[in-house]
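Step one of this worksheet: look at the structure below.
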Amino acid sequence: MQRERRGKNVVHQLTVTLEDLYNGATRKLALQKNVICDKCEGRGGKKGAVECCPNCRGTGMQIRIHQIGPGMVQQIQSVCMECQGHGERISPKDRCKSCNGRKIVREKKILEVHIDKGMKDGQKITFHGEGDQEPGLEPGDIIVLDQKDHAVFTR
Numbered sequence: 001m002q003r004e005r006r007g008k009n010v011v012h013q014l015t016v017t018l019e020d021l022y023n024g025a026t027r028k029l030a031l032q033k034n035v036i037c038d039k040c041e042g043r044g045g046k047k048g049a050v051e052c053c054p055n056c057r058g059t060g061m062q063i064r065i066h067q068i069g070p071g072m073v074q075q076i077q078s079v080c081m082e083c084q085g086h087g088e089r090i091s092p093k094d095r096c097k098s099c100n101g102r103k104i105v106r107e108k109k110i111l112e113v114h115i116d117k118g119m120k121d122g123q124k125i126t127f128h129g130e131g132d133q134e135p136g137l138e139p140g141d142i143i144v145l146d147q148k149d150h151a152v153f154t155r
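So for the sequence shown, full-length UniProt numbering puts the first residue at 1; every next one is plus one.
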């Protein structure tokens with residue numbers, strides 16, 4: 001059983017006042033994140049148009065072996081030039097018009113951040129699964145909080 005890989009967590013700083021931390025508050029955080037394209041469902045093109053790269057056989061890497069002398073061999077591994085390391089090819093006419101074959105699009109999102117009474121500076125508020133999306137990866141989390149300096153009081 002293979003565990004699904006997870007995307008990176010995204011950290012956003014939301015500057016809140018000492019009063020907000022003491023009394024509690026709700027703030028809105030506007031951000032942009034990558035989401036899987038709805039038009040092509042994360043395929044990058046029409047159904048059946050995405051094919052495995054014949055040069056690297058889907059690995060995204062090419063291995064070249066050079067004989068540099070009698071009994072000496074050099075093996076060089078590099079990114080496949082045909083598919084640019086993606087392991088698949090989509091012909092330009094079959095690419096998704098919405099994401100241009102990238103499988104993801106940028107989307108604006110507004111999160112409501114609830115700051116509980118008595119929270120401390122540096123304490124994290126986590127939004128599970130709200131990070132950037134990528135095909136084949138479970139989205140990471142978004143983590144927020146930062147205290148703005150107060151003119152009179154310190155904590």
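Even for Gly, the Cβ is constructed at its ideal location relative to N, Cα and C.
Residue burial classification, residue i (beta-carbon count within 10 angstroms, cutoff 16)
i	result
I36	buried
V11	exposed
I115	buried
G45	buried
M72	exposed
R103	One point to set straight first is that residue 103 is Lys, not Arg, in the sequence displayed. Buried.
G48	exposed
Proximity below 7 angstroms, CB of residue i to CB of residue j
i	j	result
V105	C99	yes
E88	C53	yes
L14	L111	no
Q75	I65	yes
K33	K93	no
G60	P135	no
Of the listed residues the options, nearest to residue i (C-alpha basis)
i	options	result
K117	Q62, N23, Q67, G48	N23
E82	I76, S91, Q75, M119	S91
G85	D38, G58, L29	G58
E31	E134, K120, V113	Looking at the sequence provided, one finds Leu at residue 31 rather than Glu. Closest option to L31, Cα to Cα, is V113.
L21	E107, G129, H128, D121	D121
Residue i, DSSP secondary structure in three states
i	result
I65	strand
E41	coil
K33	strand
K93	helix
Residues near residue i by beta carbon distance below 6 angstroms, same chain, minus five either side
i	result
C56	Q62, C80
T126	D141, I143
K39	C96, S98
T77	The amino acid at residue 77 is misidentified as Thr; the sequence shows Gln. Around Q77: M61, I63.
Sequence-distant residues of its chain with Cβ nearer than 8 angstroms to residue i (five each side left out)
i	result
N9	G131, G140, D141, I142, I143
Contacts around residue i, its chain only, beta-carbon distance under 7 angstroms, and the 5 residues preceding and following it disregarded
i	result
V50	R43, G44, E88, I90
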